[in-house]
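Chemist: Here the protein sequences come in this chain order: L and B.
Under the numbering used here, the residues of the first sequence are numbered 1 to 758, in order.
Under the numbering used here, the residues of the second sequence are numbered 759 to 1516, in order.
Protein chains: 2
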Amino acid sequence: MDKYDIIGKSVPRNHTKDKATGAAQYTDDIKLPGMLHGRILRSPYAHARILNIDTSRAEALAGVKCVITGNDLPDIKFGNWRLFTETQDETGLARDRVRFIGDEVAAVAAIDKDIAEEALSLIRVEYEELPASFDIDTSLGKGAPIIHDPFKNNISVVRKVANGDLDKAFSECDYIREDVFNVHAISACYLEPCSSLAKCDPDGKITLWTSTQTPYMVQCLLASALGMRENDIRVIKPHVGGGFGAKMELRKWDVCAAFMAKKTGKPVKFTLTREEELATGRRRHPMRLFSKVGCKKDGTLVAKDLKILLDGGAYNAMGPTATFLCGNFGLMLYKYKSYRFLGQHVYTNNPPSSAIRGFGSPQSYFATETQMNLIAEDLGIDPIEIRRMNAVKTGDVIPELSTIGSCAFSECLDKVIEVSGYHEKRKNPKKGRGIGIGCYSFISGGVFNWFNTQYPFSAAEIRAFADGTVHLLTMASDIGQGSDTILPQILAEELGLKMEDIRITSADTATTPQADLGSWGSRVTLMAGNAVIDAAKKLKEILFGAVTAHYNLNVIHELECKDGRIFSQVRPDKGLTFGQAVALAQKFNRGVPIVTRGSYTPRGMGMVTPAFSFGAQVAEVEVDEKTGRVEVKKMWTAHDCGTVLNPVSVEGQLEGSIHMGLGYVLSEQFAMEKGKTLNTTFLDYKMPSALDMPVSESICIETYEKEGPYGAKEAGEGLVGPTAPAIADAVYNAVGYRCMDMPITPEKVLKGKKDSLN
Amino acid sequence: MDKYDIIGKSVPRNHTKDKATGAAQYTDDIKLPGMLHGRILRSPYAHARILNIDTSRAEALAGVKCVITGNDLPDIKFGNWRLFTETQDETGLARDRVRFIGDEVAAVAAIDKDIAEEALSLIRVEYEELPASFDIDTSLGKGAPIIHDPFKNNISVVRKVANGDLDKAFSECDYIREDVFNVHAISACYLEPCSSLAKCDPDGKITLWTSTQTPYMVQCLLASALGMRENDIRVIKPHVGGGFGAKMELRKWDVCAAFMAKKTGKPVKFTLTREEELATGRRRHPMRLFSKVGCKKDGTLVAKDLKILLDGGAYNAMGPTATFLCGNFGLMLYKYKSYRFLGQHVYTNNPPSSAIRGFGSPQSYFATETQMNLIAEDLGIDPIEIRRMNAVKTGDVIPELSTIGSCAFSECLDKVIEVSGYHEKRKNPKKGRGIGIGCYSFISGGVFNWFNTQYPFSAAEIRAFADGTVHLLTMASDIGQGSDTILPQILAEELGLKMEDIRITSADTATTPQADLGSWGSRVTLMAGNAVIDAAKKLKEILFGAVTAHYNLNVIHELECKDGRIFSQVRPDKGLTFGQAVALAQKFNRGVPIVTRGSYTPRGMGMVTPAFSFGAQVAEVEVDEKTGRVEVKKMWTAHDCGTVLNPVSVEGQLEGSIHMGLGYVLSEQFAMEKGKTLNTTFLDYKMPSALDMPVSESICIETYEKEGPYGAKEAGEGLVGPTAPAIADAVYNAVGYRCMDMPITPEKVLKGKKDSLN
């Protein structure tokens, strides 16, 4: 008999049919009476001073209802890192300077989109062009243009980690290797472009529907950007067509929509085009990683000195988190006696970098894992063996960060090697074929409270009804990752109910309980899941009391919720249906409805994350030696995400991760010319298609994570990390080209390949 | 200094600007992707058997997505009186019989309204016409058609009241008078026709937006009509353009919209036309009232024997309540040693009667007040004096019903007589001019739980935030009467905040707290108001605790909320702002948000109402003796609604009541021909226009009602009662025509006038 009734089952997603039939309402689907359409004027310069903006001709155009520039908006800076206000470097529109091509300069609201677009062309902006920097070297070099005045060296965030005596540790090493890796920018490629619709009530209160991962953050930051009170703003998240980290900030069109709705008294909607998204949207951080690693001759790792320079682009966005996290990722997978990290977040005049699935880990693991292969090769050690001997395990303490509560990293390594035939294939190479390995560890949400929330990290309310149903209210946000399914699934298990017994209302800051930090860093299942369990436990206490009273049971009887009934474990006949128990409890309460609230904030879990997930991935590729084209034949994955709550959902996340990893390493890249993005459609920005996807085989090595709901931890994000190094390693194995600078292109393969191999 | 900061102030309504500018969303304004438009086929017969319905041609019409008849729907009857299931006599569509012209027979959903309308014309229904009854006499006569089979005598509800020894009481009388009054049907004339929009989630759960006064009742009844669970249905009340009692039931288009949304997988909307509303909508009950009253020769009332026959039309609707209430109204104004009441609710084949503002009282007071004038005239007693000597007063016990907690009826009489110059004008009559009196008492919501709710009668949740705002959630429904303003006003007073500090979310069964019985019987201010105060008291305990701890105050210190601060009454410097206190309380709570819930159910208040309001009204009319036309020159009103919470709102209610009373007595009437309504537009159904409104002067005689919030009680509905008898009395005073059969028409005046008077 299964331990659980519904946990561990492949429960289909709630919204699938609505999304497939077009019934699901995304922000852009919402139409309100008298609604205006907004468009944004963007800077054609990468760096310039704004001397003058003449909006008069635009304002005179029939159908234009409102034109604003940066000076119309409050002079208030915003940014996600509220705990460190000096990181907050954006305003609703550019005030005096533009810092990248596409920087938002003015906004128009008109009765239709065409008129708004035409009005943009009538706005005259006088710019004084300034010297610009498009790479880290220029920004850090002498005489570099200063992109934000308070940061004279263009370094906006510095993160240092230092464990142990590094010099001593290196002095003990038999072998030391130093490498430099370069990784590039990619787009999140969510299918729904950003969209915001604001309505202003007659009393000045704002309702904002927006395509966001973080309604609560948007509420708080919009309030601060407009000089309003948080709760005079209501943020509603409709269906969201993907975010992947790139929709977790307050965006300028949120500010413009709200401000213009207030100014005009009419609802205002902005929806970006794909061209805008690709040319100006948030990107994964390009980084330069300097990694010095020392070890014993048997391969035992001793010391690591990692320095990472992040190209943050024109604004910080989620850069501070990336800077912190890529330092953490540098020591999450293997043990070192001493570890030092220096991260520097560097402003350039590129479009801003920010969070994209993996959040610093794809870059970090590309370096770590490639370097592990290089060390193994240098020392003549099997690359799997060197990993296994240095792998972290359950109970290991990551200095100053956390204790690893559950870890099946070694088991994952063993399993993926076995199922992929890695050693067999390495021993018997085929021409043009190669096999490679990549590994990862990932977080289950963050602990460090950079947003400075005053609320629990996640919260849930449960309302129970005599008709046998319950209503779950939570500010957790389903952005396609499935929390509107997994949270009811957890609740159904707790209460012994079925999925159809549960209604969920989520992600509306006015009607769901305060608060939830949003959907990022793979935090929702663990944190919001724990909040749901907390609320369910309180509900069960009430209902157990009702049954105990009804049957006059000894108060030490243990009771249970199962199959829609609540009953004594030792006397299962003594029981009521769930609805009967609610009705009885409500009568005890003289009719007052049965409502409980739960919450979760990580306690005693260090400053990084409550739980670590792990995995190993093997890629097999075929390289066309004439064209340099790489075809990924198959991927094998073994990963430890704790208890698998919903197998089909985990599988979907894995497929998605491979898809994004594949694009990252092989096909996606921005063609840039002095800060200008040349490939702004999906015809020339090469996101892999379904046909490009390799066959994939995966195994979940289940562990039980004490801090997670039913033992679960992260399952949707970390796997984006190992794909790039695994494929790169396989390419090296196939043709001898060792990629140190992402991505792998046919040109690089042709130039770098060695005929001597395979 | 005022006792209150905001109570008693004329706070403007929340939604005024939105309504004035067209930004307010009513149900019909909501458009969903893929939405279908529904239309209803109605019976052309007043009473007929349905032999066959052929929908094939309609189904074949391009654009038609769904056609249903009664047999497609579950065979489940519904109706508001859930406590007595035998009163539940409606189904979603007619199953085998139609019972009035307009009875709902089939429904079509199509891609636009025109196609739906065309499809109706393609449905072929074979009827077998049955004998019909269009009046009480026929229904109660021998060989009457039986309209609902279980009720062989066509009497569906009987209500009896008997206090004291009636025969003995009449035997003690010096004078006995028996009269028969007839009152007619009118329309509620709400400006927004009924509209319902249903969406079905992929898991079968329904969301219904509907123009209703009672979202919770609609939720429950729709669930029962569709054989679903209550909480698998979510009912949202958008802005409502008036209801006046006639929108407090589950309606057939609610059922059809929900059922067809489920069947088609697409949203379905029904919006009625004005013609449908006037021809088939709910009407005020026509009644025949037999009133026998006995008194001493000095005018002291002794005995009353009241029998009322209600023409319920084809279905019960809210008829049971009307039958009960008109018996209560019969003894709420004056004291009798013995009182007997018999109410009989009679089925006819007229369009169903139901609740309309006043709920049995306009009919009842027309009889009571006219008869009081007749008795006074017979006995030669001043009509004011006979009222004053028999008037109920504070502390009087209404046998088996209630104790009157506060009453300024006599003071109202004195005041209205004084300001109107009643006696002076009666003494010195002008030709064609007359002055008359009418009085009323009304309820502040009902106690008898005919809906059989399992929840408190009203509930409220308050969420308090560190930014100094609070959020009030309640299922109370603003239908134009202003509860979305008065409830925040009460909360603002309790917490020492301003109106702009409060956000209200109301009337959404999925996100506001269970439950509220809805907006009818003038229950909301008292009941939902008390629930708000209950929740506020709990919040204040928390915040007072925070301030007490912060300043280390002696725990017996009394604290106060005022002007946005919370402070010690004896040491006002020891205080925090409201937001600071919330922030502190939240910190004490380790971040868990501050939320309190309150509720109200009347306790120990008898079975009728928690509080009684009173008033007296004087009308002055001018009658054109040539045409018989009556012009109301002025109305004077003195009324006791307890504490006046919002003067401008009370004034608005008074103006509205006079408007409806005026139409009732002088101009509104259905032209009926064998059950068919001939006047179905506002061109020939004569609702008074703004130009018809008389000058009005009103005085509130404030009392303090202990059971009401801040001493308030009913203020919006009872005043519709005295207008008709006051005007009728004034017409009699002018030209000698005494109206015993409503309404007063020029024909009746010409026929009944006596030249001898004035």
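Backbone N, C-alpha and C fix where the C-beta goes; we use that ideal spot for every residue, glycine too.
Model, not experiment: these values are computed from the prediction.
Please list, in chain order, the chain D residues whose beta carbon lies closer than 8 Å to that of B/Ser1357.
Modeler: Of the chains in the structure shown, none is chain D; the protein chains are L and B.
Chemist: With 8 Å as the C-beta to C-beta threshold (strictly closer), list the residues of the segment 1481 to 1505 of chain B near chain L in chain order.
Modeler: Under the 8 Å Cβ criterion, the segment 1481 to 1505 of chain B contributes no residue.
Chemist: Against chain B, which members of the segment 3 to 16 of chain L pass a CB distance test of less than 8 Å?
Modeler: Under the 8 Å Cβ criterion, the segment 3 to 16 of chain L contributes Asn14, His15, Thr16.
Chemist: Under a Cβ-count criterion, where at least 16 other Cβ atoms within 10 Å of its own Cβ denotes burial, should L/Lys266 be classed as buried or exposed?
Modeler: Residue 266 of chain L sits at position 266 when you count from the first residue of the first sequence. Buried: at least 16 other Cβ atoms inside 10 Å.
Chemist: Pairs of beta-carbons, one from the segment 1045 to 1055 of chain B and one from the segment 924 to 941 of chain B, closer than 8 Å: are there three or more?
Modeler: Touching, per the Cβ criterion.
Chemist: By Cβ distance, which residues of its chain are closer than 7 Å to B/Thr1367, with the 5 residues on each side in sequence left out?
Modeler: Here the question's residue 1367 of chain B lines up with position 609 in the second sequence. Ser1160, Ile1201, Ser1202, Gly1203, Gly1204, Val1205.
Chemist: Name, going along the chain, the residues of the segment 1178 to 1200 of chain B whose beta-carbon falls closer than 7 Å to a beta-carbon of chain L.
Modeler: Correct list: empty, as no residue qualifies.
Chemist: Please compile the residues from chain B whose C-beta is within a distance smaller than 7 Å of the C-beta of L/Phe465.
Modeler: In the first sequence, counting from the first residue as 1, residue 465 of chain L sits at position 465. The contacting residues are Glu988, Asn989.
Chemist: Report yes if the C-beta distance between L/Pro725 and L/Phe366 is below 7 Å; otherwise report no.
Modeler: Position 725 of the first sequence holds residue 725 of chain L. Position 366 of the first sequence holds residue 366 of chain L. Result yes, Cβ atoms of L/Pro725 and L/Phe366 sit closer than 7 Å.
Chemist: With H, G and I counted as helix, E and B as strand and the rest as coil, what does DSSP make of L/Arg99?
Modeler: Within the first sequence, numbered from 1, the residue matching residue 99 of chain L stands at position 99. Three-state DSSP puts L/Arg99 in coil, outside helix and strand.
Chemist: Give the C-beta separation of L/Pro743 and L/His184 to the nearest angstrom, bearing in mind that I take them to be a contact with Cβ-Cβ under 8 Å.
Modeler: Numbered from 1 along the first sequence, position 743 holds the residue referred to as residue 743 of chain L. Numbered from 1 along the first sequence, position 184 holds the residue referred to as residue 184 of chain L. The Cβ separation is near 6 Å, so the contact holds.
Chemist: Identify whether B/Lys1332 lies in helix, strand or coil by the three-state DSSP scheme.
Modeler: Taking the second sequence and counting its residues from 1, the one referred to as residue 1332 of chain B is at position 574. Coil, per DSSP.
Chemist: Considering only the beta carbon of each residue, do L/Arg597 and L/Ala535 sit closer than 7 Å?
Modeler: Within the first sequence, numbered from 1, the residue matching residue 597 of chain L stands at position 597. Within the first sequence, numbered from 1, the residue matching residue 535 of chain L stands at position 535. Yes.
Chemist: Can you tell me which of the three DSSP states B/Asn1516 falls into?
Modeler: Your numbering for residue 1516 of chain B matches position 758 in the second sequence. Residue placement at B/Asn1516 cannot be trusted, given a pLDDT of 45 that sits under 50; what the coordinates show is reported in the next sentence. Reduced to three states, the DSSP call for B/Asn1516 is coil.
Chemist: From L/Ser698, L/Asp305, L/Leu191, L/Ala223, pick the residue whose C-alpha is nearest to that of L/Gly204; which is it?
Modeler: Numbered from its first residue, the first sequence carries residue 204 of chain L at position 204. Of L/Ser698, L/Asp305, L/Leu191, L/Ala223, the residue nearest in Cα terms is L/Ala223.
Chemist: What's the gap between the Cα of L/Leu719 and the Cα of L/Arg523?
Modeler: Within the first sequence, the letter at position 719 stands for residue 719 of chain L. Within the first sequence, the letter at position 523 stands for residue 523 of chain L. Cα to Cα, the separation comes out at about 15 Å.
Chemist: What are the residues in the segment 1212 to 1240 of chain B lying within 9 Å of chain L by C-beta distance?
Modeler: Going along the segment 1212 to 1240 of chain B in chain order, one finds Gln1212, Tyr1213, Pro1214, Phe1215, Ala1217, Glu1219, Arg1221, Phe1223, Ala1224, Asp1225, Gly1226, Thr1227, Val1228, His1229, Leu1231 with a Cβ nearer than 9 Å to chain L.
Chemist: In this structure, what does DSSP give as the bridge partners for B/Thr968?
Modeler: By one-based count along the second sequence, residue 968 of chain B stands at place 210. Answer is B/Ser954, bridged to B/Thr968.
Chemist: Under 7 Å between C-beta atoms, does B/Thr1263 make it to chain L?
Modeler: Position 505 of the second sequence holds residue 1263 of chain B. So, interface residue.
Chemist: 7 Å is my cut-off, CB to CB: does B/Gln1247 come that close to chain L?
Modeler: Here residue 1247 of chain B is taken as the residue at index 489 of the second sequence, counted from 1. For B/Gln1247, the answer is no, since every Cβ of chain L falls outside 7 Å of its Cβ.
Chemist: Please state the DSSP three-state secondary structure of B/Ala902.
Modeler: By 1-based counting over the second sequence, the position of residue 902 of chain B is 144. Reduced to three states, the DSSP call for B/Ala902 is coil.
Chemist: Who pairs with L/Glu129 in a beta bridge, going by DSSP?
Modeler: Indexing the first sequence from 1 puts residue 129 of chain L at position 129. Bridge partners of L/Glu129: L/Ala48.
Chemist: Whose C-beta lies closer than 6 Å to the C-beta of L/Val235 among residues of the same chain, with five residues either side of it excluded?
Modeler: For this step, residue 235 of chain L is matched to residue 235 along the first sequence. Within the same chain, L/Val235 has close Cβ partners Leu208, Pro215, Val218, Gln219, Thr509.
Chemist: When you compare only the Cα positions, how much space is there between B/Thr1439 and B/Pro951?
Modeler: For the purposes of this step, residue 1439 of chain B is taken as the residue at position 681 of the second sequence. For the purposes of this step, residue 951 of chain B is taken as the residue at position 193 of the second sequence. Looking at the two C-alpha atoms, the distance is approximately 12 Å.
Chemist: Under the rule that 16 or more other beta-carbon atoms within 10 Å means buried, what is L/Phe780, buried or exposed?
Modeler: Shown here, chain L extends from 1 to 758; a query on residue 780 of chain L therefore has no answer.
Chemist: Does B/Asn940 come out as helix, strand or coil in the three-state DSSP assignment?
Modeler: Position 182 of the second sequence, counted from the start, is the residue given in the question as residue 940 of chain B. Correct three-state label for B/Asn940: strand.
Chemist: Quick test of the definition: if touching needs 3 or more C-beta pairs under 8 Å, does the segment 790 to 803 of chain B touch the segment 1021 to 1036 of chain B?
Modeler: Touching, yes.
Chemist: So what does DSSP say about B/Val915, is it helix, strand or coil?
Modeler: Your numbering for residue 915 of chain B matches position 157 in the second sequence. Three-state DSSP puts B/Val915 in a strand.
Chemist: Just checking, does the segment 624 to 636 of chain L make contact with the segment 449 to 463 of chain L on the three C-beta pairs under 8 Å criterion?
Modeler: Not touching, per the Cβ criterion.
Chemist: Please compile the residues from chain L whose C-beta is within a distance smaller than 8 Å of the C-beta of B/Ala1341.
Modeler: Residue numbering aside, residue 1341 of chain B sits at position 583 when the second sequence is read from its first letter. What B/Ala1341 touches in chain L: Gln454.
Chemist: Please check the pair L/Ala314 and L/Pro352, which I expect to be a contact at CB under 8 Å, by giving their CB distance rounded to whole angstroms.
Modeler: Within the first sequence, numbered from 1, the residue matching residue 314 of chain L stands at position 314. Within the first sequence, numbered from 1, the residue matching residue 352 of chain L stands at position 352. Confirmed, about 5 Å.
Chemist: Within its chain, find whatever has a CB closer than 8 Å to the CB of B/Leu1420; leave out the 5 residues flanking it on each side and keep chain order.
Modeler: By 1-based counting over the second sequence, the position of residue 1420 of chain B is 662. For B/Leu1420, where only same-chain residues beyond five positions count, the Cβ hits under 8 Å are Val1390, Pro1446, Asp1450, Met1451, Pro1452, Thr1481, Ile1485.
Chemist: From which residue to which residue does the alpha helix (DSSP H) around L/Tyr365 run?
Modeler: As a first step, residue 365 of chain L is located in the first sequence; it is residue number 365 there, counting from the start. Element bounds for L/Tyr365: 361 to 379.
Chemist: Short of 6 Å in beta carbon distance, which residues of its chain neighbour B/Ile798, apart from the five on each side in sequence? Order them along the chain.
Modeler: Taking the first residue of the second sequence as position 1, residue 798 of chain B is located at position 40. Once the five neighbours on either side are set aside, the close Cβ partners of B/Ile798 are Glu862, Ala865.
Chemist: Using the Cα positions of L/Lys574 and L/Asp563, report the straight-line distance between them to the nearest angstrom.
Modeler: Position 574 of the first sequence, counted from the first residue, corresponds to residue 574 of chain L. Position 563 of the first sequence, counted from the first residue, corresponds to residue 563 of chain L. Approximately 14 Å between the Cα atoms of the pair.
Chemist: Exposed or buried, which one is L/Ser756 when buried takes at least 16 other CB atoms within 10 Å?
Modeler: The count along the first sequence starts at 1 and reaches residue 756 of chain L at position 756. At L/Ser756, the pLDDT of 49 sits below 50, so the modelled position is not reliable and the matter cannot be decided from this model.
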